[in-house]
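> First, the structure itself, so that you have it in front of you.
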Amino acid sequence: MITTVNKYLSLVKFSHTIFAMPFALTGFFIATAKAGYSFSWQLFVLVVLCMVFARSAAMAFNRWLDVDIDKINPRTAKREIPAGVITKNNALLFIIVNCGAFILTTYFINMICFILSPVALIVVLGYSYTKRFTALCHLVLGLGLSLAPIGAYLSVTGQFAALPVLLSCLVLCWVSGFDIIYSLQDEDFDRSQALNSVPTWLGKAGALHFSEGLHVVAGALAITIGLMGQFHWLYAIGAAVFIIMLISQHLLVKPNDLSKVNIAFMTTNGIASVVFAIFAITDMLFLA
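Residue numbers (numbering that gives the first Met the number 0): 0 to 287.
Structural data, given as structure tokens:
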């Protein structure tokens, strides 16, 4: 049983939840600590479950759809489905169960989340098709993860607001930027298979400049959110660390040296999201 669970956790790269979950929690606390809505443990758990179900469905769908591509890419050939660790049919069943669980969970949150749940699934699952026809596929991935903070805010309030929308825009630019960096590893393979990405479109140097531009916007949004939300010094520390982590990944990765791509992808971005969320949430809870 434990082995099976571990296989599916590996399939969906559960550790990568560290990217979007902290921003979902930040959106949740913007609603409760900033907007004045009451905190509910039940609602908190439902929001976390929505994140887990939606992300698991999206990641598994990506692996299921791309199995024939992953088989011939040396970097991905050992993934669970192409390696035969998990069958395509079992992966598909896993996807269906998670999609159903996501929609059902939103039903117990509020009506607007329930109505929008299929739209959210279309975005997060639809990303997997985009590299087949657009180099801007990274932005679609960013859009999918950017639904986390606004979705959490909607779960509490049932309405949109400027601050969580700006936070979602930050996530969109941040995720799109670091996904471009990660995709540098597959530039030659993607070009050989007629797959689209910013690196196959602009080359390594151009892709890094594109990523830098997105991260400049993300950093500017972090500052704007702090000012608009009237945050305090704790938020400023979190935002500063976030911006430093953005800068550091561009210092680590060069067009002629991709040896530190994984450090830039996982370590710096993991630190960025967790530290930002901890300091932002602490600021809202204790310095209001």
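Glycine residues also receive a C-beta, built at the ideal position from the N, C-alpha and C atoms.
Helix, strand or coil, according to DSSP, for K70 in the structure here?
helix
> Please report the Cβ distance between N97 and S154, rounded to the nearest whole angstrom; I am assuming they are in contact, meaning their Cβ atoms lie under 8 Å.
Not confirmed; about 18 Å, so no contact.
> In whole angstroms, what separates the C-alpha of F159 from that of I149?
7 Å
> Using only alpha-carbon positions, find the residue among V4, L8 and G26 that is nearest to I277.
G26
> Using the Cα positions of V170 and L183, report the straight-line distance between them to the nearest angstrom.
20 Å
> For K253, name the three-state secondary structure that DSSP assigns.
In this structure, K253 counts as strand in the three-state DSSP scheme.
> Would you kindly check if the distance between the Cβ of F241 and the Cβ of V216 is under 8 Å?
No, these two residues do not count as a Cβ contact at 8 Å.
> Given a cut-off of 8 Å on the beta-carbon distance, is the pair A147 and F13 in contact?
The answer is no: Cβ separation not under 8 Å.
> Give the secondary structure of Y36 by DSSP, where H, G and I count as helix, E and B as strand, and everything else as coil.
coil
> Please report the distance separating the alpha-carbon of L162 from that of I246.
24 Å
> Do I236 and F28 have their beta-carbon atoms positioned less than 8 Å apart in this structure?
no
> Near M50, which residues of its chain fall below 6 Å by C-beta distance, leaving aside the five closest residues on each side in sequence?
M20 and A23
> With H, G and I counted as helix, E and B as strand and the rest as coil, what does DSSP make of L245?
helix
> Are H249 and L220 closer than 8 Å when you measure CB to CB?
no
> I think N72 touches D185, with their Cβ atoms under 8 Å apart; what is that distance to the nearest whole Å?
Right, their Cβ atoms sit about 7 Å apart.
> By Cβ distance, which residues of its chain are closer than 6 Å to A119, with the 5 residues on each side in sequence left out?
L146
> Kindly indicate which three-state DSSP category D65 falls into: helix, strand or coil?
coil
> Excluding sequence positions up to five away, which residues of its chain have a Cβ less than 8 Å from the Cβ of L165?
L220, T223, I224 and M227
> Which term fits T199, buried or exposed, when burial requires 16 or more other beta carbons within 10 angstroms of its beta carbon?
Counting other Cβ atoms within 10 Å of its Cβ, T199 reaches 16 or more and is therefore classed as buried.
> Quick one: measure Cβ to Cβ for T104 and F52, integer angstroms, because I've assumed they're closer than 8 Å.
6 Å
> Using a threshold of 8 Å, state whether the C-beta atoms of L10 and R62 are closer than that.
yes
> Below 8 Å CB to CB, which residues in the same chain sit around V197 once its five sequence neighbours on both sides are set aside?
A134, L135, H137, I179, S182, G205, A206, F209 and S210
> Of the choices H214, K203, A287 and P117, whose alpha-carbon is the least far from that of A57?
P117
> Which two residues bound the contiguous alpha helix (DSSP H) that contains R190?
E186 to S191
> Output the distance between the C-alpha atoms of T16 and G269, rounded to the nearest integer angstrom.
9 Å
> I need the DSSP call for T75, collapsed to helix, strand or coil.
coil
> Whose C-alpha, out of K130, T156, A271 and N195, is nearest the C-alpha of F43?
T156
> May I ask you to report which of helix, strand or coil DSSP gives R54?
Here R54 carries a helix assignment [DSSP, helix/strand/coil].
> When you compare the CB of S272 with every CB in chain C, is at least one pair closer than 8 Å?
Reference to chain C is not applicable here, since this structure consists of a single protein chain.
> Judging by CA-CA distance, which residue of Y36, E79 and H214 is the nearest neighbour of N5?
E79
> Round the Cβ separation of L64 and S167 to the nearest angstrom and send it over; I've been treating them as touching at under 8 Å.
L64 to S167, Cβ: 25 Å. No contact.
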